[in-house]
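Structure record follows, encoded as structure tokens.
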Ligand code: NZQ
Ligand code: ZN
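Residue numbers (my numbering): 15 to 406.
Laid out in structure tokens, this is it:
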């Protein structure tokens, strides 16, 4: 197990009616907020009206940045920074999914930085200060509301990268599973695939004996496998939504990664796809994950895949280890397909071969030589190829 520093500062308010405490949390920092949201789901669900009422009743003024894109863009971040600088904003209040929260985090850092926020990518030391963030999550996926990352797309350079700093952990995360009832089946499934992949990235890291975290990760994976399909078919099932939402936080808030450090290959491979073709992050991961697991299946990865098969999928441990691994991989793919996700990248409109070289170069440069099974640029090209089903 590697050395680590444990610090998860986000305070969590979880459950029905959690939103009522929002004004109290905001008033710890001031009486004016930048309300950030996406394409309008919060207006359709009534959450927007509820929040405005709470703000008005508590004499908290607000300005709004709406229309944050899925795969949030640098131009939107800059717009938000400008708004913070022009108005006396004390708190950033994202209400939405990971895209809205990530955009808000980049704004929070950008508003305290004298320069282009893109300069903060890969340079946590440049983030000396950030505005406080109170995040209201409306879908279970990224866990951004309880983690220190903001993933932003630079449309000009076709790069999708992290801005990361401990200063970007939201001060509060408000998590009411009922807000996630309206998440469409497709986004629910993609979210579950994303959460599972956050766990896989850590589970497969090679840092010696991390028995405790490994067993905890298996419990999280079991939770997602049990409740993912339930949430897809019964969107108003509170228990399913609550368990998935809480699992999404523990998948990425840093706890399971204590003592487990390393690159995130599936994310590096996927982020290129969403940067180039604006695909849904979790769906890209659902396609890549089984292909990647199969590609790296060898003596080094076998023990982890056997643990995954036996402890998560309850596959009989007396079977041949390679058979256990392959069965676990195909069960993973089937789970995603059963939740309505295709396993064929071609169906998402990604052209075969066109940008593979360029995308693989960018992905491989993200330290993929230090994966449990090291990956080169040509490995990544081959993985992209295997994500297509019907290539003539
Ligand atoms: O924009 P609105 O209208 O709100 O609709 C959104 C959007 O269309 C909709 N939605 C969200 N909550 C809803 C809802 N629709 C109905 N009811 C609700 N309650 O869902 C769609 C997708 O939203 P988005 O925020 O894009 O999804 P997600 O949470 O999956 O975030 C994806 C982004 O996060 C990044 C991804 O790369 C991608 O850019 N990631 C962020 C991470 C982090 N901060 O740690 C880690 C992840 O690995 C990931 O890279
Ligand atoms: Zn992810």
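Ideal placement from N, C-alpha and C gives every residue a C-beta, glycine not left out.
Expected contact under 8 Å - CB spacing of residue i and residue j to nearest Å
i, j, result
"residue 175", "residue 136", "7 Å"
"residue 309", "residue 207", "Between residue 207 and residue 309 the Cβ distance is about 18 Å, and since that is not below 8 Å, they are no contact."
"residue 190", "residue 33", "6 Å"
"residue 397", "residue 302", "7 Å"
"residue 147", "residue 122", "5 Å"
"residue 193", "residue 27", "Their Cβ separation, rounded to whole angstroms, is 12 Å, which puts residue 193 and residue 27 out of contact at 8 Å."
"residue 385", "residue 276", "7 Å"
"residue 88", "residue 168", "5 Å"
"residue 213", "residue 289", "Not quite, the Cβ-Cβ distance comes to about 23 Å (not below 8 Å), so this is no contact."
"residue 231", "residue 270", "5 Å"
"residue 106", "residue 50", "6 Å"
"residue 131", "residue 120", "6 Å"
"residue 338", "residue 324", "6 Å"
"residue 97", "residue 224", "At roughly 43 Å, the Cβ-Cβ gap does not stay under 8 Å, so residue 97 and residue 224 are not in contact."
"residue 75", "residue 46", "5 Å"
"residue 218", "residue 318", "6 Å"
"residue 257", "residue 241", "5 Å"
Extent of the continuous alpha helix (DSSP H) to which residue i belongs
i, result
"residue 281", "279-291"
"residue 398", "391-400"
"residue 205", "199-217"
"residue 70", "61-71"
"residue 240", "225-247"
"residue 124", "112-124"
"residue 337", "335-352"
"residue 442", "Nothing about residue 442 can be reported from this structure: the residues present for the chain run from 15 to 406 only."
"residue 254", "252-266"
"residue 174", "From DSSP, residue 174 is part of no alpha helix (DSSP H) but of the beta strand (DSSP E) over 173-178."
"residue 271", "No alpha helix (DSSP H) holds residue 271; DSSP gives it neither H nor E."
"residue 95", "88-100"
"residue 320", "316-321"
"residue 155", "No alpha helix (DSSP H) holds residue 155; DSSP gives it neither H nor E."
"residue 377", "370-378"
Nearest candidate by alpha-carbon position, reference residue i, set the options
i, options, result
"residue 35", "221, 168, 78 and 67", "67"
"residue 57", "109, 165, 142 and 316", "109"
"residue 263", "275, 283 and 235", "235"
"residue 299", "308, 291 and 284", "284"
"residue 164", "134, 346, 185 and 190", "134"
"residue 367", "405, 356, 293 and 173", "405"
"residue 72", "38, 100 and 317", "38"
"residue 116", "102, 355, 90 and 334", "90"
"residue 82", "92, 104, 74 and 76", "92"
"residue 268", "113, 179 and 142", "179"
"residue 336", "315, 348 and 365", "315"
"residue 204", "291, 357 and 100", "357"
"residue 430", "381, 41, 259 and 365", "Outside the modelled stretch of the chain, which goes from 15 to 406, sits residue 430, for which no answer is possible."
"residue 43", "103, 383 and 201", "103"
"residue 31", "100, 65, 53 and 282", "65"
"residue 395", "239, 124 and 377", "377"
"residue 399", "353, 287 and 293", "287"
"residue 211", "256, 280 and 341", "280"
"residue 59", "197, 86 and 159", "197"
"residue 278", "326, 379 and 237", "379"
"residue 233", "125, 166 and 327", "327"
Residue i: CB within 8 Å of a non-hydrogen atom of the ligand NZQ
i, result
"residue 255", "no"
Continuous beta strand (DSSP E) stretch holding residue i: start and end
i, result
"residue 168", "163-168"
"residue 28", "25-28"
"residue 193", "It is not in any beta strand (DSSP E) - residue 193 carries neither H nor E in the DSSP assignment."
"residue 32", "Segment: none, residue 32 is in no beta strand (DSSP E) and carries neither H nor E."
"residue 79", "75-79"
"residue 103", "Element bounds for residue 103: n/a, residue is neither H nor E."
"residue 187", "186-189"
Residue i CB to nearest heavy atom of the ligand ZN below 8 Å
i, result
"residue 267", "no"
"residue 287", "no"
"residue 238", "no"
"residue 299", "yes"
"residue 137", "no"
"residue 221", "no"
"residue 168", "no"
"residue 143", "no"
"residue 292", "no"
"residue 208", "yes"
"residue 212", "yes"
"residue 281", "yes"
For review: beta carbons within less than 5 Å of any heavy atom in the ligand NZQ: 52, 53, 54, 55, 84, 85, 110, 111, 112, 113, 116, 152, 153, 155, 156, 158, 161, 163, 165, 196, 197, 201 and 295
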